[in-house]
Amino acid sequence: MTMLEVIKIIYLNKEKGDFLKYEILADETGKATLALAHISLQHQVGLLSYAVWTKVDEIILPAEKMTGQTAGETLQLAVDMCVKHRAEWQQQN
């Protein structure tokens, strides 16, 4: 069984874009291994309006870059990859 723990949540947007929420997950050693990207979707049911965070992508951190890195260094790499993902995501969608 694999257990991952959310170690950081960040919200990123572009100048005119919506925020994406990124959950950075770490393995049992505390090193970041995966980030989940979410968008906020607005729903309307009758008079009730609400938003739900919906997963749109998984960002898998490359194992070769993680070897020999501290937990803090892997977290910084994960944040950098999320920033890159956000910059490119707006262009695709």
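Each residue of the sequence shown is one higher than the one before, counting from 11 in this note's numbering. Yeah, the Cβ is synthetic: ideal placement off N, Cα and C, and Gly gets one too. All values derive from a computational prediction rather than experimental measurement.
Following the continuous beta strand (DSSP E) through residue i, name the residue where it begins and the one where it ends.
{"i": "Ile-18", "result": "The displayed chain sequence assigns Lys, not Ile, to residue 18. Where Lys-18 is concerned, the enclosing beta strand (DSSP E) stretches over 15 to 22."}
{"i": "Glu-33", "result": "30 to 36"}
What's the call for residue i, buried or exposed, on a 16-neighbour Cβ count within 10 Å?
{"i": "Tyr-32", "result": "buried"}
{"i": "Leu-85", "result": "buried"}
{"i": "Leu-46", "result": "buried"}
{"i": "Thr-64", "result": "exposed"}
{"i": "Thr-77", "result": "exposed"}
{"i": "Lys-26", "result": "exposed"}
Taking 6 Å as the cut-off, is the C-beta of residue i nearer than that to any heavy atom in the ligand GDP?
{"i": "Glu-15", "result": "The ligand GDP is not part of this structure, which contains no ligands at all."}
Let me make sure I understand the geometry here. Which of the options has the alpha-carbon closest to that of residue i?
{"i": "Ile-20", "options": "Leu-51, Ala-97, Cys-92 and Trp-99", "result": "Cys-92"}
{"i": "Ala-73", "options": "Asn-23, Arg-96, Phe-29 and Thr-43", "result": "Thr-43"}
{"i": "Lys-18", "options": "Glu-98, Val-89, Asp-67 and Glu-68", "result": "Val-89"}
{"i": "Leu-87", "options": "Glu-98, Asn-23, Trp-99 and Ile-69", "result": "Ile-69"}
{"i": "Thr-80", "options": "Lys-24, Leu-30 and Lys-41", "result": "Lys-41"}
Worksheet item: On the three-pair Cβ rule with 8 Å, is the stretch 32 to 42 touching the stretch 12 to 23?
Response: The stretch 32 to 42 makes contact with the stretch 12 to 23, as at least three CB pairs between them are under 8 Å.
Discussion item. Just to confirm the assignment: which complete beta strand (DSSP E) runs, minimum length 3, are found wholly within the stretch 38 to 91?
Written reply: 42 to 55 and 58 to 70
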